[in-house]
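Working notes for the structure below.
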Amino acid sequence: MSSINRCYTVLPQFPDYTVSISLFEDVSNAQELRSKVAELPFALIDARAICSREQLLSAIYRALVEVSYNKRRTKSLHSECLLCLSPSSNIGEAFKNFGLKDDCKTLIAVQILGPNDQNAVERLGEEIHGREVELLDQTLQQHCDETFIRKVCGHQR
Amino acid sequence: MSQEVVNKALAILGPNIELKTIAQGAEAVVFTTKVHPYLPNGNEDKKYIVKYRPPKRYRHPSIDQALTKRRTLGESRLLAKLYLVKGLNVPKIIACDAYNGFIWEEFLGEELPDGYGFSNLKNFLWMYSAKDRNPHDEVVKNTLIRVGRQIGLLHWNGYCHGDLTSSNIVLESVDGSWQPFLIDFGLGSISDSVEDKGVDLYVLERAILSTHSSYADQYNAWLLEGFSQIYNDHGKTGQAKLQEVLNRFNEVRLRGRKRSMIG
Ligand SMILES: Nc1ncnc2c1ncn2[C@@H]1O[C@H](COP(=O)(O)O)[C@@H](O)[C@H]1O
Chain D
1 MSSINRCYTV LPQFPDYTVS ISLFEDVSNA QELRSKVAEL PFALIDARAI CSREQLLSAI
61 YRALVEVSYN KRRTKSLHSE CLLCLSPSSN IGEAFKNFGL KDDCKTLIAV QILGPNDQNA
121 VERLGEEIHG REVELLDQTL QQHCDETFIR KVCGHQR
Chain G
1 MSQEVVNKAL AILGPNIELK TIAQGAEAVV FTTKVHPYLP NGNEDKKYIV KYRPPKRYRH
61 PSIDQALTKR RTLGESRLLA KLYLVKGLNV PKIIACDAYN GFIWEEFLGE ELPDGYGFSN
121 LKNFLWMYSA KDRNPHDEVV KNTLIRVGRQ IGLLHWNGYC HGDLTSSNIV LESVDGSWQP
181 FLIDFGLGSI SDSVEDKGVD LYVLERAILS THSSYADQYN AWLLEGFSQI YNDHGKTGQA
241 KLQEVLNRFN EVRLRGRKRS MIG
């Protein structure tokens, strides 16, 4: 039911992949999710570090470029997305800044399915205890920590 | 050769991205497309620039790949940095695929009235040199001062363009005035060297002189007026640095003249 809120997209250069992005508010089990994040078939992102769909999608595009033409630097396409959100190539730093934290109340789940991947989007609702809302720039802006993003992305004003 | 390069680009980007060739240089081909690489349902009249550095057959493939990657990444990083400089107008970078040599950026500029073509500075000055127009119009003066200010901002912040011709300055009409944007940073650098800055100024002066010779002195004076404004806004330090750049500009000019006398 809540899947009407989800943003599904196919990037024109990578038609074999389907991208789905969901935004959850009032998440109560961030700590639990974090303990098993490696096994989950999606990327979980701290919404405080994201201010727009453009920011998310540019990283997803970059992750697809990396796995298609370079070599995958992390375990999965999903962790590659987290790495691509980060301006540095340090994986630990990327996870620390953009990944899920225990105190996370708002989070973004990104799933990229390749031609041979199992669709696991249905599991999202079971795993994440929270309310799925529409992925709008306006909502992302409400939840984001602009000072933090500027600091992490090296954009001082 | 040309069609082969286009086919290579099409093969990599796939059938969903239509490309229109607008420029072909030694280093890169420039296309426009209506397809955004990752944002859905874009605006109908929006278009984007795709700059493609094709592989060079005469280079060893692994050296060629490494060079393409380095140059594409270098230009992208520079563009991303410049976009954050307050007051500086450069195209926004949208995406980069350094492995295949692609940079996507915002398309800038428009068609000039009366068939004068694309709104780069060169065509704009041609337009004002037409019989029914005044080459010394206030609009020309104000635009050239603004162009000078853009170059001043670029240099003051420690960057150089490397190929500052009047085709690499693009104008957009914003609220009734022409706003200049600097494009093509393929030869750009993070550089505080007075030599690089002097050469930038010299290259632009030569470009104006060769295409608009009758008005070049006045045009170059306006450019320098704008350029100096930026430096003069920074007090004594600014003025001292300005003097250094202008002195070197003069030296580069003298060298250029000597070279052309020798042949
Ligand atoms: N961002 C841009 N917006 C509009 N035109 C561009 C842009 N970048 C490049 N061009 C055009 O492509 C030509 C060659 O580009 P370049 O290879 O970057 O010098 C330029 O002279 C412009 O006419």
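Sequences listed follow chains D and G, in order. Just so we're aligned: 105 in UniProt numbering is position 105 of the first sequence, and the numbers increase by one with no gaps anywhere. Just so we're aligned: 82 in UniProt numbering is position 82 of the second sequence, and the numbers increase by one with no gaps anywhere. Beta carbons: idealized from backbone N, C-alpha and C, even for Gly.
- Judged by the Cβ position, D45 (chain G) fails to qualify as a neighbour of ligand 1 at the 7 angstroms threshold, every heavy atom of the ligand being at least this far.
- Counting along the chain, A94 (chain D) sits inside the alpha helix (DSSP H) bounded by residues 91-98.
- At a beta-carbon threshold of 8 angstroms, none of the residues of chain G lie near I45 (chain D); the nearest stands roughly 16 angstroms away.
- Our two residues, L78 (chain G) and P91 (chain G), have alpha carbons roughly 11 angstroms apart in a direct line.
- Residues of the stretch 54-87 of chain D with a C-beta less than 7 angstroms from any C-beta of chain G: E54, L57, S58, I60, Y61, V65, Y69, N70, listed in chain order.
- Less than 8 angstroms divides the Cβ of S129 (chain G) from the Cβ of Y215 (chain G).
- For V35 (chain G), the CB contacts under 6 angstroms within the same chain, skipping 5 residues up- and downstream, are I17 in chain order.
- Interface residue (Cβ-Cβ distance to chain D less than 8 angstroms): V35 (chain G) is classified as such.
- For the stretch 8-40 of chain D, the set of positions with a beta-carbon nearer than 7 angstroms to some beta-carbon of chain G reads T9, L11, P12, Q13, P15 in chain order.
- Exposure of D117 (chain D) is indicated by the presence of fewer than 16 other C-beta atoms within 10 angstroms of its C-beta.
- Collapsing the DSSP output to three states places T147 (chain D) in a helix.
- Within the chosen limit of 7 angstroms, ligand 1 reaches the beta carbon of S167 (chain G) through at least one heavy atom.
- I145 (chain G): member of the alpha helix (DSSP H) spanning 138-156, first to last residue.
- At a cut-off of 8 angstroms between beta-carbon atoms, L39 (chain G) makes contact with chain D.
- Exclusion of the five residues before and after D26 (chain D) leaves K105, G130, R131 as the residues of its chain whose Cβ lies within less than 7 angstroms of its Cβ.
- Considering only beta carbons, the part of the stretch 95-115 of chain G lying closer than 7 angstroms to chain D consists of A95, D97, Y99, N100, in chain order.
- Inclusion of F118 (chain G) in the 7 angstroms shell around ligand 1 follows from its C-beta lying nearer than that to a non-hydrogen atom of the ligand.
- Between the stretch 68-84 of chain G and the stretch 169-180 of chain G there are fewer than three inter-stretch CB-CB distances shorter than 8 angstroms, so the stretches are not counted as touching.
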